[in-house]
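In this text, residue positions in the sequence shown follow this note's numbering: the first is 3, and each later residue adds one.
Okay, so here's the structure we're looking at.
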Amino acid sequence: MTLPAHTLAIMEQPARPARKHSEAHELVAVILLSLVAVLTAWCGFQSTKWGGDSSVSFSEASSARIEASDFESQARDARMTDIAVYTQWVIAGADDDPTLADYIQERFSPELTVAFDAWQADGMQERGPFAMKEYVPPGTEEGAKATKRANDLQAQALEFNDKGDAYSLMTVLFALVLFLAAIAQRGISLLGSRIVLGLGGAIAVVGLIVLFTFPVRF
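The structure is reproduced here in structure tokens:
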């Protein structure tokens, strides 16, 4: 039995709004998927950049610590040499041999000479010239600067690493949005799909707002 044309038209009318709602729903899902895919790629890029900078800073910090260790060894060796020479000067003085004492004193290193003169000018109140602030063996200042540079670079590396981790966390968050958007397109009810898609959209908006507060590296 063939139904009249106007009857068929009436039967088809309710399907049109549903079809329109379905198409709009799918369009929102596609837009959300596309946006989040771009944000995920951006977060991955930034995480890689910050991670690379962190590795470079850690490497530079390691080199600076090696340099500081070399300077500290130089200062330690210079101190040991000065102590050995000064000990001979003390022995010569104890043996009441001023000629030998003067001879040894003339061979003091420049750093020991400065500290020795300051020690004598102070009335020899300290235990020896090595206790004077004027005594600075070669390599001491350089070692301190290298150590400070190493500490600064390590702190910078940790800061870069934290920023890279933050971007990695955002990648996980946006991956959750992708998962929800994909679920919304699989055979669940229209209401359920809207709820899931709305949740994913809300998470994406929050993530985008948080992302705007992050530093950017190029």
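A virtual CB, placed ideally from N, CA and C, is assigned to each residue, including glycine.
These numbers were taken from a predicted model, which means no experiment stands behind them.
For residue j and residue i, believed in contact at Cβ under 8 Å, the rounded distance
{"i": "A31", "j": "L199", "result": "6 Å"}
{"i": "P131", "j": "W121", "result": "4 Å"}
{"i": "L114", "j": "Y137", "result": "7 Å"}
{"i": "R67", "j": "A152", "result": "4 Å"}
Same chain, Cβ closer than 6 Å to residue i, five either side skipped, listed in chain order
{"i": "Q187", "result": "A31"}
{"i": "V1", "result": "Given that the chain is displayed from residue 3 to residue 220, the structure contains no residue 1 and the question cannot be resolved."}
{"i": "A117", "result": "P131, M134, E136, Y137"}
{"i": "W2", "result": "Missing from the structure shown is residue 2; the chain here goes from 3 to 220 and no further."}
{"i": "Q90", "result": "I106"}
{"i": "I185", "result": "V198"}
Close beta carbons around residue i, own chain, < 8 Å, minus the five adjacent residues each side
{"i": "G95", "result": "A103"}
{"i": "V87", "result": "I106, R109, F110, S111, L114"}
{"i": "A80", "result": "S111, E113, P139, P140, G141"}
Cβ-heavy atom distance, residue i to the ligand COA, below 6 Å
{"i": "V116", "result": "Among the components of this structure there are no ligands whatsoever, and the ligand COA is therefore not found."}
Neighbourhood of residue i by C-beta distance below 7 Å, restricted to the same chain and skipping five residues each side
{"i": "I128", "result": "The sequence shown places Glu at residue 128, not Ile. W121, M134."}
{"i": "S49", "result": "G166, Y169, S170, T173"}
### Three-pair Cβ contact test at 8 Å for the stretch 58 to 65 versus the stretch 153 to 168
yes
### Query
So, do the stretch 69 to 89 and the stretch 139 to 152 have three or more beta carbon pairs nearer to each other than 8 Å?
yes
### Query
Residue ranges of each alpha helix (DSSP H) run of no fewer than 4 residues wholly in the stretch 105 to 187, ordered along the chain?
112 to 123, 142 to 186
### Query
So does the stretch 74 to 90 actually touch the stretch 202 to 219, counting three or more Cβ pairs closer than 8 Å?
no
### Task
Please go through the stretch 35 to 115 and give each complete alpha helix (DSSP H) segment of 4 or more residues, from N-terminal end onward.
100 to 107
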